[in-house]
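Here the structure is laid out as structure tokens; the discussion comes afterwards.
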Amino acid sequence: MNDSSAPLQLSSAEHLSRSLAAITALCEQVPEDQGSVRPETDSWSLNEILGHLLDEEREDFRARIQLLLEDPCEEWPAIDPETWVEERQYRHRSTRELLRLFQDERQRSIGWLRSLDDPDWYREKEHPSGSFSLRAGDLLLSWVAHDLAHIKQLARWHLSQNAEGFDPFRDDYAF
459 MNDSSAPLQL
469 SSAEHLSRSL
479 AAITALCEQV
489 PEDQGSVRPE
499 TDSWSLNEIL
509 GHLLDEERED
519 FRARIQLLLE
529 DPCEEWPAID
539 PETWVEERQY
549 RHRSTRELLR
559 LFQDERQRSI
569 GWLRSLDDPD
579 WYREKEHPSG
589 SFSLRAGDLL
599 LSWVAHDLAH
609 IKQLARWHLS
619 QNAEGFDPFR
629 DDYAF
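Residue numbers in the sequence shown follow the numbering used here, run continuously in steps of one, and reach 633 at the last position.
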């Protein structure tokens, strides 16, 4: 349900608040010794997903939208989300600590969005890659979509953890 009469920053803050609740629900009861488990060698553990969400919250979406709205000529800081997950060793950190840090950053983001007074969501900037342009509104929608993609990833992580005790049974009927 989208209230089209609400300013975009307020409806987005509500989406991000609901995503925070979903992410919290999917992470808060996970035992510490399970948060570092990777379902497959090429997939992220729950801790790595949380660390990535924290990075995106601090160093990507909010930071880039803020720069675009306040100083569109300012260069965006470089980001490298895939590398950061390894370099910052999120897999080996505490699930509770990562969740708390993410929750704190998300609350800052929600407060910041709600404080915006008539932002220009059409303000545009060329992406650092030089291959396309982004408007502030594009970044805002991408932020909401990014959360949903990782909520799906967290759900799949849970499925992989729960399916282990069901051999030889399959879950393909659910999909």
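Glycine included, C-beta positions come from ideal geometry on N, C-alpha and C.
Asked, Found
"Own chain, CB closer than 6 Å to LEU609, minus 5 neighbours either side, in chain order", "For the sequence presented, residue 609 should be read as Ile rather than Leu. Excluding positions up to five away in sequence, the list reads ALA480."
"Exposure of ASN505, with buried meaning 16 or more beta-carbon neighbours within 10 Å", "buried"
"Cβ-based burial, LEU508 [other Cβ within 10 Å; buried from 16]", "buried"
"Euclidean distance between Cα positions of ARG652 and TRP534", "Residue numbering for the chain in the displayed model covers 459 to 633; residue 652 lies beyond these limits and cannot be assessed."
"Cβ pair PHE519, TRP579 closer than 8 Å", "no"
"Limits of the unbroken beta strand (DSSP E) element including LEU592", "591 to 593"
"GLU490 versus SER552: straight-line alpha-carbon distance, rounded", "7 Å"
"Residues that LYS610 bridges to, as DSSP identifies them", "According to DSSP, LYS610 bridges with nothing at all."
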